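For what it's worth, the numbering used here labels the leading residue of the sequence shown as 1, then goes sequentially.
Below is one structure, written out as structure tokens, with a few remarks after it.
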Amino acid sequence: MSRRVRGVLAAVLVGLACLLAPLGALAAWAKYGIEDGARYAATTAPLASDDQVRDAVAGAITDGIMREVHVGPPLRGSVHAFVHEAVRSFTGTPAFRTAWATANLSAHDAVMRALHGDGDRPVTVDLAPAAERMKRQLAHEHVPFAGRIPVAHTEITLLQSEDLEKLRKGFHVLEVAGFWLPVTAVCLALAGIALSVCRRRAVLATGLGTALGAALLGVAIAVGRRMTLDGLPEDVSHPAAAAIYDTLTETLRTASWLLLALGLAVALAAWLTGVHARRRRASAGPAPVPGEGPTRARA
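This is how it looks when you write it as structure tokens:
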């Protein structure tokens, strides 16, 4: 194989490896970070203590209570403030964290069952158990009008039936890609480096390409955050949604930073070894030219 063909093939393999590295990180995050129920529960558990989430939950519960309570305009503001403060205090209790974990895990299990199944019914989750638990706790703490919190018709739709088939196909692709994409990226990078005419340059290109892909992944996460928040209805708390998005993508952001650091470290190491090798060759000087042996003078 000629040097030119080897160089082209090595460049193609390294380029594909750098392209697949961030995609592999994304697929692995979806498979091992979101699909696994225990990891998902551990990831979202701290949200029960997040101030933005607590404010959003307290506001929603307070609005539900006030819709069931008929108070005249002179007292409505003070009653609303008192109820909101009491509910906000409740969101700091272990009972709320338990209710949050129960509702969150129920929603996750419902989505996973739908993505692994073959039905066409919309995915819903019933929040009545969590709402009933909160109602009893608030009533036990003598929160005004807590007994009027409605717990009927608390099913919310998580996935529409017309979206299920498309989501199942995408999820199946992520399940397969979550393992094979990272493995393929590593194999392509090693093959490109082994095939390259100048392996040091191939390692340098691989490191820089990996760092660039990781940076693009970080940009994609930020763009996805903005698009997600901009697409929310006005009655949904944007700060709470931002906190949830940041919590769910924290592992993915960490992976992108690790890929960026790894790529830059590999590129820096390849560059430094190249500089060191050039300096050694320069300090050694030109190779001595063998001199001619003594000749006899002819008579």
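Think of the CB as a built atom: it goes at the ideal place given N, C-alpha and C, for glycine as much as any other residue.
Treat the numbers as computed from the prediction; the structure is a model and nothing was measured.
Presumed contact (8 Å Cβ cut-off) between residue i and residue j, rounded CB distance
i	j	result
residue 203	residue 193	6 Å
residue 245	residue 228	6 Å
residue 52	residue 182	At roughly 33 Å, the Cβ-Cβ gap does not stay under 8 Å, so residue 52 and residue 182 are not in contact.
residue 241	residue 232	6 Å
residue 57	residue 91	6 Å
residue 188	residue 9	In fact, because the Cβ distance is near 11 Å, the residues do not count as touching under 8 Å.
residue 18	residue 212	7 Å
residue 41	residue 114	Incorrect: roughly 18 Å between the Cβ atoms, too far for contact.
residue 178	residue 270	29 Å between Cβ atoms; not a contact.
residue 120	residue 164	6 Å
residue 215	residue 262	About 12 Å; that fails the 8 Å criterion.
residue 134	residue 99	5 Å
residue 83	residue 71	Actually they are not in contact, since the Cβ atoms of residue 83 and residue 71 sit about 10 Å apart, beyond 8 Å.
Run of the alpha helix (DSSP H) containing residue i, from where it starts to where it stops
i	result
residue 257	250-284
residue 80	73-90
residue 98	94-116
residue 22	3-28
residue 40	37-44
residue 51	51-68
request  = Say whether the stretch 254-264 touches the stretch 15-29, bearing in mind that this needs 3 or more beta-carbon pairs closer than 8 Å, one atom from each stretch.
outcome  = Verdict: yes, contact present.
4 or more residues per run - each alpha helix (DSSP H) lying fully within the stretch 161-246 = 161-195, 199-230
ask   = Okay, do the stretch 54-68 and the stretch 79-88 touch, 3+ Cβ pairs below 8 Å being the bar?
value = yes
query = Would you call the stretch 202-220 and the stretch 259-279 in contact, with 3 or more CB pairs under 8 Å?
reply = Pairwise C-beta distances place the stretch 202-220 in contact with the stretch 259-279, as three or more of them are shorter than 8 Å.
query = Are the stretch 30-48 and the stretch 213-227 touching, with three or more C-beta to C-beta distances below 8 Å?
reply = no
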